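Engineer: Just passing along the structure, written as structure tokens.
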Amino acid sequence: MPPPDVLALHTIRLRRPRLADAEAILEYGSDPEVARYADWPIRSDLTALRPLVQDREVRWDAGAEYYWVITERDRDRAIGGISCRITGDAAEVGFLLHRRFWGRGIATEACAAVVAWLWSVPTLRRVWATCDAENLASARVLEKVGLRHERTLPRATVRPNLSPEPRDTLVYARERGGE
0 MPPPDVLALH
10 TIRLRRPRLA
20 DAEAILEYGS
30 DPEVARYADW
40 PIRSDLTALR
50 PLVQDREVRW
60 DAGAEYYWVI
70 TERDRDRAIG
80 GISCRITGDA
90 AEVGFLLHRR
100 FWGRGIATEA
110 CAAVVAWLWS
120 VPTLRRVWAT
130 CDAENLASAR
140 VLEKVGLRHE
150 RTLPRATVRP
160 NLSPEPRDTL
170 VYARERGGE
């Protein structure tokens with residue numbers, strides 16, 4: 000059951016990305032503060048980013064990953080992104096937001112909407128996400144949408160914009176029916 004192409008929420012919209020979004024995605028994705036805890040290196044080349052945006056459409060159509068850009072409700076410019084990957088009976092959620100929009104509840108609103116949609120999929124038993132152990136803002140978002148800290152994976156993920164060494168990763172999750 001694929002998700003809706005567009006989710007119109009209280010202050011934001013989530014919609015499938017378009018190639019025309021590449022420039023806006025590059026704007027926030029190349030910000031060292033935004034990409035600080037990412038598990039991919041900072042992107043600074045629009046030409047290299049375009050195929051990644053196109054790949055989002057292919058992955059959506061294949062059911063491999065659903066990725067929405069986050070826009071303000073009344074403006075159609077991408078200010079962030081949120082994705083979910085469903086594997087078997089579990090789904091992983093991840094998000095990224097332009098620094099200008101931090102602290103406004105936007106990541107929480109987007110994540111809550113995606114998690115709510117995931118729970119509408121009857122075959123899912125588990126929703127989970129990870130974040131760097133020092134990324135307290137993302138950890139708070141995950142807690143606000145009902146995920147609970149499950150475990151800490153020591154030295155589990157390389158965050159190339161911080162260090163070439165693996166860093167501790169927090170795993171947040173919720174099982175169907177769990178509080």
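Residue numbers (numbering that gives the first Met the number 0): 0 to 178.
No residue lacks a Cβ here, since even glycine has one placed at the ideal position from N, Cα and C.
Every value quoted in this text rests on a predicted model; they were computed, and no experiment measured them.
S137: buried (16+ other C-beta within 10 angstroms of its C-beta) or exposed?
Structural biologist: The count along the sequence shown starts at 1 and reaches residue 137 at position 138. Buried, by the Cβ-count rule.
Engineer: Can you round the beta-carbon distance between G80 and V68 to whole angstroms, since I take them to be within the 8 Å contact cut?
Structural biologist: Start at 1 with the first residue of the sequence shown, and residue 80 comes out as number 81. Start at 1 with the first residue of the sequence shown, and residue 68 comes out as number 69. With a Cβ gap of about 5 Å, G80 and V68 count as contacting.
Engineer: Should the region 44-54 be regarded as contacting the region 120-131, the criterion being three or more beta carbon pairs within less than 8 Å?
Structural biologist: No, the region 44-54 is not in contact with the region 120-131.
Engineer: According to DSSP, is T156 part of a helix, a strand, or is it coil?
Structural biologist: The residue you call residue 156 lines up with position 157 of the sequence shown. Three-state result, T156: strand.
Engineer: Across which residues does DSSP place Y66 in a beta bridge pair?
Structural biologist: Within the sequence shown, residue 66 is the residue found at index 67, counting from 1. Bridge partners of Y66: S82.
Engineer: Alpha carbon to alpha carbon, what distance is there between V114 and L45?
Structural biologist: The residue labelled residue 45 in the question sits at position 46 within the sequence shown. The residue labelled residue 114 in the question sits at position 115 within the sequence shown. Between L45 and V114, the C-alpha separation is close to 30 Å.
Engineer: Between H148 and L169, how many whole angstroms is the CB-CB distance? I'm expecting something under 8 Å.
Structural biologist: For the purposes of this step, residue 148 is taken as residue 149 along the sequence shown, with counting starting at 1. For the purposes of this step, residue 169 is taken as residue 170 along the sequence shown, with counting starting at 1. Right, the Cβ-Cβ distance comes to about 6 Å (below 8 Å), so this counts as a contact.
Engineer: Write down every uninterrupted run of the beta strand (DSSP E) in the region 94-139 whose length is 3 residues or greater and which is fully enclosed by it, in chain order.
Structural biologist: Segments of the beta strand (DSSP E) lying fully in the region 94-139: 125-131.
Engineer: Relative to the ligand MN, is the shortest distance from any of its heavy atoms to the C-beta of S29 smaller than 7 Å?
Structural biologist: Annotation note on the ligand MN: not contained in the displayed structure, which lists no ligands.
Engineer: On the DSSP bridge list, what partners appear for Y171?
Structural biologist: Here the question's residue 171 lines up with position 172 in the sequence shown. Its beta-bridge partners are A128 and H148.
Engineer: Counting Cβ pairs closer than 8 Å, one from the region 25-44 and one from the region 152-169, do we hit at least three?
Structural biologist: Output reads yes: the region 152-169 touches the region 25-44.
Engineer: Nearest by alpha-carbon distance to R98: which of L18, R166 and I24 is it?
Structural biologist: Residue mapping note: residue 98 aligns to position 99 of the sequence shown, counting from 1. Residue I24 is the option with its Cα nearest to R98.
Engineer: Quick one, are the C-beta atoms of C130 and L141 less than 8 Å apart?
Structural biologist: Within the sequence shown, numbered from 1, the residue matching residue 130 stands at position 131. Within the sequence shown, numbered from 1, the residue matching residue 141 stands at position 142. Yes, they are a contact pair.
Engineer: Can you grab the Cα-Cα spacing for the pair D60 / P2, in whole Å?
Structural biologist: Position 61 of the sequence shown, counted from the start, is the residue given in the question as residue 60. Position 3 of the sequence shown, counted from the start, is the residue given in the question as residue 2. Distance between the alpha carbons of D60 and P2: 11 Å.
Engineer: Go ahead and pull the three-state DSSP assignment for P165.
Structural biologist: Position 166 of the sequence shown holds residue 165. In the structure shown, P165 sits in a strand (DSSP, three-state: E or B).
Engineer: Counting along the chain, where does the beta strand (DSSP E) carrying A7 start and finish?
Structural biologist: In the sequence shown, residue 7 corresponds to position 8, counting from 1. Segment V5 to A7, the beta strand (DSSP E) holding A7.
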